[in-house]
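Asker: This structure is in structure tokens; I'll ask about it shortly.
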């Protein structure tokens, strides 16, 4: 699956909320990849929304239509190395985002995101879907 595009939570939410620009880009992808942490963040968001049953059903349908890849030992190593780099620089980023970045690095995925701090992860290919 190298060369695929993975969605960050912000991009997946924009898709689920009907953003026409994101819908067009997602539907043009051959495969929609969701890092495991993104799946967790989506489920958490649905369960804690004002309409949990409606949103959980809709989010699960979306998740089921995507490719979901569990994390492995290589992801853990990349997470550790990336977190160490950011700690030394004094610019930490959220742990969940480090895990997303590590999984994308492991599988050579491009990450579609709105979060600017991903651009600072060395070797991570990032697309901003405006």
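Residue numbers (this note's numbering): 1 to 130.
Where is the CB? At the ideal position from N, CA and C, for every residue including glycine.
Could you name the residues of the same chain whose beta carbon sits closer than 7 Å to that of residue 129, not counting the 5 residues immediately before and after it, in chain order?
Answerer: Walking along the chain shown from the start, residue 129 turns up at place 129. Counting only Cβ-Cβ distances below 7 Å, and skipping sequence neighbours, we find 11, 21, 22, 25 and 112.
Asker: For residue 88, does the three-state DSSP call read helix, strand or coil?
Answerer: Along the chain shown, read from residue 1 onward, the residue named residue 88 stands at position 88. If DSSP states are grouped into helix, strand and coil, residue 88 belongs with the helices.
Asker: Ordered along the chain, which non-local residues of its own chain (more than five positions away) have a Cβ less than 7 Å from that of residue 16?
Answerer: Translated into the one-based positions of the chain shown, residue 16 becomes position 16. Excluding residues within five positions, the ones whose Cβ falls inside 7 Å are 58, 59 and 62.
Asker: Assuming residue 37 and residue 68 form a contact by the criterion Cβ under 8 Å, report the distance between their Cβ atoms to the nearest whole angstrom.
Answerer: Taking the chain shown and counting its residues from 1, the one referred to as residue 37 is at position 37. Taking the chain shown and counting its residues from 1, the one referred to as residue 68 is at position 68. Actually they are not in contact, since the Cβ atoms of residue 37 and residue 68 sit about 11 Å apart, beyond 8 Å.
Asker: Since residue 5 and residue 82 should fall inside the 8 Å C-beta cutoff, what is the C-beta to C-beta distance between them, to a whole number of angstroms?
Answerer: Your numbering for residue 5 matches position 5 in the chain shown. Your numbering for residue 82 matches position 82 in the chain shown. Wrong, their Cβ atoms sit about 20 Å apart, outside the cutoff.
Asker: Spatial neighbours of residue 30 within its chain, please: C-beta separation below 8 Å, excluding the five flanking residues on both sides.
Answerer: Taking the chain shown and counting its residues from 1, the one referred to as residue 30 is at position 30. Answer for residue 30: 4, listed in chain order.
Asker: For residue 65, which option in 48, 34, 125 and 50 has the closest C-alpha, if you only look at C-alpha atoms?
Answerer: Your numbering for residue 65 matches position 65 in the chain shown. When each option's Cα is compared against that of residue 65, the closest is 34.
Asker: Write down the C-beta distance between residue 106 and residue 124 rounded to the nearest angstrom, noting that I regard them as a contact closer than 8 Å.
Answerer: In the chain shown, the residue the question calls residue 106 occupies position 106. In the chain shown, the residue the question calls residue 124 occupies position 124. Not quite, the Cβ-Cβ distance comes to about 11 Å (not below 8 Å), so this is no contact.
Asker: Within 8 Å (strictly less), CB to CB, does residue 65 reach chain D?
Answerer: Judged by its chain identifiers, the structure shown contains no chain D, having just a single protein chain.
Asker: Between the beta-carbon of residue 115 and the beta-carbon of residue 8, is there less than 8 Å?
Answerer: Along the chain shown, one-based indexing puts residue 115 at 115. Along the chain shown, one-based indexing puts residue 8 at 8. Yes.
Asker: Leaving aside the five residues before and after residue 121 along the sequence, list all residues of the same chain whose C-beta is less than 7 Å from its C-beta, in chain order.
Answerer: By one-based count along the chain shown, residue 121 stands at place 121. If we look at residue 121 and ignore the five residues flanking it on each side, its Cβ neighbours are 82 and 101.
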